[in-house]
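Notes to accompany the following structure.
Numbering (our numbering), first residue to last: 8 to 257.
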């Protein structure tokens, strides 16, 4: 799919709503443009669930971010808001899709967008925390959804690109895409086999922990116990798996 996007003979726009996480984030980054509902969230999940974001993110993020920011985004599994993604240049535009009872457009209330700096830290685009976040979640439920602004922006982008000379447009796009394709093409083949082999190891325990959340109440393994067992050179067998997996709720 990533190859298909990077080789497309026309501009590719990702219209994003909801969660663009893990593989979805990687597919979205392959696109030429992203226009997102400002309620969307973005990020990786691989290293918490027995995988690695080598389906594109480790190739694309260093082109979009500083090396350290790319490293943190790929490893920490933090969720970033659409406003933060736009601030950091990772998407083209974040568009409000919510309206209040008066019919006025409302930015995602869970995200700080009314100020840029607080106590010396950049806070624009960060998710609120604690009681403020919980209150914002309740407020979000009272708002209605309207896609008009989001779709109008995408229509304007498409019309803007339509009013260009086709061959020069695609030459420009391909010239930018090649930066993403360089490392993708360099590493993609070996990563396919690594991901396949990994499903018998950390992928096995990580995915099963995620899929059994309703039974155990947790969607990750016991990371500390797992590291301790590895340090003791324990064999990766059923006994190790049972020791690190969540137990069924009583």
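We put the CB at the ideal spot given by N, CA and C, even for glycine.
| Item | Value |
| --- | --- |
| Residue 223 beta carbon less than 9 Å from that of residue 186 | no |
| Three-state secondary structure (DSSP) of residue 120 | coil |
| Continuous beta strand (DSSP E) stretch holding residue 40: start and end | 40 to 44 |
| According to DSSP, residues forming a beta bridge with residue 245 | DSSP lists no partner for residue 245. |
| Neighbourhood of residue 70 by C-beta, 7 Å cutoff - its chain only, sequence neighbours within 5 removed | 186 and 187 |
| Enclosing beta strand (DSSP E) for residue 262 [first to last residue] | Any answer about residue 262 is impossible in this case: the structure gives the chain only from 8 up to 257. |
| Burial state of residue 88, where buried means 16 or more other Cβ atoms lie within 10 Å | buried |
| Span separating the alpha-carbon of residue 98 from that of residue 21 | 9 Å |
| Beta-carbon spacing of residue 153, residue 100 below 9 Å | no |
| Exposure of residue 9, with buried meaning 16 or more beta-carbon neighbours within 10 Å | buried |
| Segments of 4+ residues assigned as alpha helix (DSSP H) that fall wholly inside the stretch 136 to 197 | 137 to 148 and 155 to 169 |
| Simplified DSSP state of residue 19, which is helix, strand or coil | coil |
| Proximity of residue 226 and residue 217 at Cβ, strictly below 9 Å | yes |
| Beta-carbon contacts of residue 123 that lie in its chain and below 8 Å, excluding the five residues immediately before and after | 129, 130 and 131 |
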